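Enquirer: Counting along the sequence shown from 1, when you hit position 217 you're at 217 in my numbering, and nothing is skipped either side. Where is the CB? At the ideal position from N, CA and C, for every residue including glycine. In this text, all values refer to a predicted model and were calculated from it rather than measured experimentally. First the structure, which I've put down as structure tokens, then a few questions once you've had a look.
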Amino acid sequence: MKTVLPDRQQSLVQWVSQATGINTFGVKVRLRGNDLHILCEGTECPQRWRTLSDLLQALQQTNLDILTSSEQTSIYQVFVYGRRKGEQRPSWCHRVHLNQIDKHLDQVQQALLADSEKSKQSGGALIVSNESLARQGNPEAIARYLSETLSTLGVSVQAKIKLYKPKNSQPEENRLWIFCQSSYSPDASLLAEPIAEKLRYLKLSGYQDAVIVSQVSGETAPDWLLRVDLTPPEVMLKEWARWGDIQAIARLLTEVLSGLKVAVQVSLKESTLHIFCTPAFDPLGTAPIPDKVVCLEAILPQLEAIAPQGILAATVYGQKAGDKQPTWIDWLALPAAKHPAFATSPLDLANTGDEPAIVFLLERLLNPDLDWRLLTGGIRVLLLNKNDLLHIMCDAPVCPARQQVASKITQFIRQLKIPGIMGVRVYGRRAGNKEPFWHYGLDVEHRQRLVPEATPEFAATSKYVNDLVTSETSEPILRPDLTTEEVQSFVKEVARDWTATASSTARKFLLKSQLFTESNQSAEYNHDVQGIKIALVWGTLGLLLTLQTDWVLGRIIARTMPSSPKVASVTLPSSSEQKASLTSGKNQSEKTTFFTSTSKTKSPPNQSSVFNASEFTQSDDTPKNNLAAAPLKEKATATAILLAARSQMPSFNVRQLDEQLALYKQRLARTGSPPDVLIIGSSRALRGVDPAALSKALATQGYPNLDVFNFGINGATAQVVDFVIRHVLEPSELPKIIIWADGARAFNGGREDITFKSLAASVGYKQAFQKTPTTASSNDLPENPVNSGEQKTNEEKQEISTYQAVNDSLNQALASISASYKNRDQIKGLLQKQLLTFGHNQTVTSEKQLTDGSSDESISQQAVDFDGFLPLSIRFNPARYYQKHSRVPGNYDNDYKSFQVEGQQDTAFQEVLQFAQYQKISLVFVNMPLTADYLDPVRRQYEQEFQQYMLRLSTNPNFIYRDLSQQWTKVNDYFSDPSHLNRFGAYEVSKKLANDPMIPWPVK
């Protein structure tokens, strides 16, 4: 034997390697739920029985729990695989039950001793299945049995038995508890029915029900609870048969007569049960007719024991299948004929208000499939009669759908016409929950009471629109004698009076202003004198208001304008100065050609203040460790909005694309040339690469004054990037190098591309494909454009009327008197600046909400700076983050749904590669960093596929691939959420890219 007893520090891989003699590079292990998977591979496939023999002997001497972490649950079974290196599928697989290692060893030893022909026969000891052991009620065996299904989902299982004391009975009973633990929160609707089916299939005795508890690893509180009814199927069948259910009676009789090779068909007409006995298997028609005496001796005891409700007699027929006339017939009197209590049908009992009869009829209505009810327990009905309301609770392993249950129940109760019941309230919940998930109410008759007097136990905290349930601690009900109609009529009268009063007041005010008159006023009334007076009054008021406004505006302009006459000459910064500002460490304000900015007094940067670098108040929970980051720059929110609104280009139905494009066009208009480096991609690029930090880092590497712009767009896929580069931007507007920062999910061709779908439906998308350079024909131009213009001007001057001449002269006279008319351009600019200030304040307010812990999705489109970068200061804290956001595993992530790199995204990427090669643009793709919390096994597999895809394409000219996905998986301070960097992480990425010797940065 090649094994040595390992100590606690040895890993599972080392232990398997020592046990089997296989090199550690040829051993791979994986823990899923309660299962341990071991893959052994080599240049030649390891021998199955020799490997198993060594491994089983090591398992006899080793407790696997000492090789795993304390948080890992017990291992129930081990799967061993063997394959040759390079092959995709294993050559053999063997399952080992850890509670039966001795029997496995006997089987393996006999296989080793047998020759090649005898090795095909299954020798050795008999391996008892977990199902057989679980039927005995052993909790450990039950856990092993359930783990066979749940371990494939990454869910580990433990089973325990606890005593509980029912409310109605004194003796304590056993209750089975199943604890499910996983690294994520599985949906209860996905696990409920499979677990219920597996448990009920065991037909456990001694348990009334089982409680399933699901809990995420590392958390103290359970995620959800589920109750599974363990009532045996035979008991359920007898209960329904007791109420006269035809399917249940037929199922019970079939079980009795199946040993006699007799098939049974049952039907009910009025109060008589008709039972047809035929041969169970008679393909040739030669089987004998079932014996009359034998059949009656088997059927009669069963019917007398059942005593079906409302069935007085039974008629039994014996015949061959297909015969029109029976060979023999007999009549049987049932207990209902002798006992009047059994003679009433369930429907008649329900009409009198009998609750057990109502429960049976409702459960039969909601469980039309008998097999499904026996398999999972079906929908259970709880009934509670409170005063004039009938409360009905429906629960099942999966909460019954409201639209499928509520209408059936209310329609059935309405048909019953139960005396004293004036309304019905229906509730739905998952079995095991105390409160309902939904509720539905219907009044069968008009109810005088506005508020019910009592609350059912299963809905103590629910609030309803028409029936507000009160408790003993709630306020007393005032005026209980008021009906619903009286309250509604009172509200209508109050509303009518208020409307009349408001309209009358408004009418009097308008009449007193003398601007309005009565519509039915006499025509003989003389308006001339009164109208002249009113016109003089209102005209004087208007003139005074105009003069006062003009004087106030003149004073404002006089204060804001400097005394030097050089104010009219505004010099714009040069392109080199703009680029030099990128490398400076100061937080300078961007100036645009559209707006002028006022000077702001700022405190020195080294002065201690209660405000941080983002101009937000310092929070108490700010991390103590200071991380390096580029200084925050002025936000471009208002500028981007106004530029996008002023743009003549139609919208693309993606607001951030419109605003980023407007900022990019404004940068082109200011500098006269495209930026040297363009960053593009989804939100991971928008937040993950800082242009200012990249420009500064490149300056230290010998690339000074490089202009960098971030064109990141939330939700951008390869199709969106392809459209922006090849169709939105002109070739002359493209830079020398493009940094495409993103990841695998942007290249998933299997999911729906929502962003591109919205973009493709826009007017801007259609115009981008339809635009062609248009030139006017020479025939359309006038022969002498100057003369024709003068002629047109002369004609227009001749058409000017006398009224227009008087109007122009008055305008000139008033303009010479007005204090603000000369400075109307300055007034216009001042108003625009005030609007910008208001928009900036709105941005600061929203950013302050972000630092307080609110979601950053609402900010992402409104907080970019003039370089297009979104700097977020939030640091990812898993303990806090998952209190507000659910933990979504990779197999439930829509971004990775039906993951495949082939498809429409791959086609778009190929187009970008060809376009970049044709335009001689260097394209660098950066696979952005991710956290360890985000990279679960499913996402890691997809990331590996994406890595292989990118490595295959990295041979293309002018294309460079850089992988940073696992650069800082454990440094949560660099992230704002599990898959997005913050400004500190963006700073580190920018430095790493600047120091990369393989990236061909442009030289100016």
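Thinking C-beta only, is Gly-154 closer than 7 Å to Ser-182?
Expert: yes
Enquirer: Put Ser-1080 into one of helix, strand or coil per three-state DSSP.
Expert: Because the chain spans 1 through 1004 in this model, residue 1080 falls outside it and cannot be assessed.
Enquirer: Would you check if the region 51-62 and the region 15-33 touch, i.e. whether three or more CB-CB distances between them fall below 8 Å?
Expert: yes
Enquirer: When DSSP labels each residue in this structure, what does Lys-766 get in the three-state scheme?
Expert: Reduced to three states, the DSSP call for Lys-766 is helix.
Enquirer: My guess is that Phe-709 and Leu-678 are in contact by the Cβ rule of under 8 Å, so how many angstroms apart are they, rounded?
Expert: 6 Å
Enquirer: Going by beta carbon distance, what residues of the same chain come within less than 8 Å of Leu-374, once the five residues before and after it are set aside?
Expert: Arg-200, Pro-233, Met-236 and Leu-237
Enquirer: Starting from Cys-93, follow its DSSP beta bridges and name the residues at the other end.
Expert: According to DSSP, Cys-93 bridges with Tyr-81.
Enquirer: Pick from Pro-675, Ser-682 and Ala-685: whose alpha carbon is nearest that of Ser-695?
Expert: Pro-675
Enquirer: Taking only three categories from DSSP, how would you classify Phe-909?
Expert: helix
Enquirer: Do you know whose CA, among Ser-189, Asp-973 and Leu-176, lies nearest Thr-231's CA?
Expert: Leu-176
Enquirer: So for Pro-1000, helix, strand or coil by DSSP?
Expert: coil
Enquirer: Buried or exposed: which applies to Arg-952, given that a residue is buried once 16 or more other Cβ atoms fall within 10 Å of its Cβ?
Expert: By the neighbour-count definition (other C-beta atoms within 10 Å, threshold 16), Arg-952 is an exposed residue.
Enquirer: Please work out which residues of its chain come closer than 8 Å, Cβ to Cβ, to Phe-756, disregarding the five sequence neighbours upstream and downstream, and give them in chain order.
Expert: The residues are Thr-717, Gln-719, Val-720 and Phe-723.
Enquirer: Helix, strand or coil for Ile-413, going by three-state DSSP, please let me know.
Expert: helix
Enquirer: Whole beta strand (DSSP E) runs in the region 343-386 with 3 or more residues, listed along the chain?
Expert: As summarised for the region 343-386, the continuous beta strand (DSSP E) elements at least 3 residues long and confined to that stretch are 380-386, given in chain order.
Enquirer: Where does Gln-411 land, buried or exposed, given buried means 16+ other C-beta within 10 angstroms?
Expert: exposed
Enquirer: Could you tell me which uninterrupted alpha helix (DSSP H) segments, each at least 4 residues in length, are contained entirely in the region 238-289, listed from first to last along the chain?
Expert: 246-257
Enquirer: Would you call Gly-285 buried or exposed, if buried means 16 or more other Cβ atoms sit within 10 Å of its Cβ?
Expert: exposed
Enquirer: Asp-973 by DSSP, collapsed to three states: which one?
Expert: DSSP places Asp-973 in the helix class (H, G or I) of the three-state scheme.
Enquirer: Less than 7 Å between the C-beta atoms of Gln-900 and Gly-749, yes or no?
Expert: yes
Enquirer: DSSP three-state call for Ile-754: helix, strand or coil?
Expert: helix
Enquirer: How far does the beta strand (DSSP E) with Ala-629 in it reach, from first residue to last?
Expert: Note, Ala-629: premise wrong, no beta strand (DSSP E); not H, not E.
Enquirer: How far does the beta strand (DSSP E) with Ile-739 in it extend, from its first residue to its last?
Expert: Taken as a continuous stretch (DSSP letters only), the beta strand (DSSP E) holding Ile-739 covers 737-742.
Enquirer: Could you tell me if Lys-884 is buried or exposed, where buried requires 16 or more neighbouring beta carbons within 10 angstroms of its beta carbon?
Expert: Sixteen is the threshold: since fewer than 16 other Cβ atoms of the shown chains lie within 10 Å of the Cβ of Lys-884, the residue is exposed.
Enquirer: Could you spell out where the alpha helix (DSSP H) holding Thr-149 opens and where it closes?
Expert: 139-150
Enquirer: Select from Asp-906, Lys-434, Ala-431 and His-439 the residue whose C-alpha is nearest the C-alpha of Ile-409.
Expert: Minimum Cα distance to Ile-409 is reached at His-439.
Enquirer: Between which two residues does the beta strand (DSSP E) carrying Lys-324 extend?
Expert: Per DSSP, Lys-324 belongs to no beta strand (DSSP E) and is neither H nor E.
Enquirer: Is it the case that the Cβ atoms of Ala-669 and Asp-658 are separated by a distance below 7 Å?
Expert: no
Enquirer: Starting from Thr-637, follow the alpha helix (DSSP H) in both directions and report where the run begins and ends.
Expert: It spans 637-646 - the alpha helix (DSSP H) in which Thr-637 sits, taken as one unbroken run.
Enquirer: Going by beta carbon distance, what residues of the same chain come within less than 6 Å of Pro-978, once the five residues before and after it are set aside?
Expert: Thr-931, Asp-933 and Tyr-934
Enquirer: Whose C-beta lies closer than 7 Å to the C-beta of Asp-852 among residues of the same chain, with five residues either side of it excluded?
Expert: Confidence in Asp-852 is poor, its pLDDT being 38 and thus under 50, which makes the residue's placement unreliable; the coordinate value appears in the next sentence. So the list is empty, once near-sequence residues are dropped.
Enquirer: Does the region 55-75 come close enough to the region 99-107 to have 3 or more Cβ pairs within less than 8 Å?
Expert: yes
Enquirer: Among Gln-656, Leu-632, Ala-629 and Met-649, which has the Cα closest to the Cα of Ile-641?
Expert: For the residues Gln-656, Leu-632, Ala-629 and Met-649, the minimum Cα distance to Ile-641 belongs to Gln-656.
Enquirer: Give the range of the beta strand (DSSP E) segment to which Glu-172 is assigned.
Expert: Taken as a continuous stretch (DSSP letters only), Glu-172 belongs to no beta strand (DSSP E), as it is neither H nor E.
Enquirer: Exposed or buried, Gln-861, counting other C-beta atoms within 10 Å across all chains shown (16 or more means buried)?
Expert: Because the pLDDT at Gln-861 is just 40, under 50, the model does not fix this residue reliably, and the value given afterwards should be weighed accordingly. Burial call: buried.
Enquirer: On the three-state DSSP scale, how would you describe Met-393?
Expert: strand
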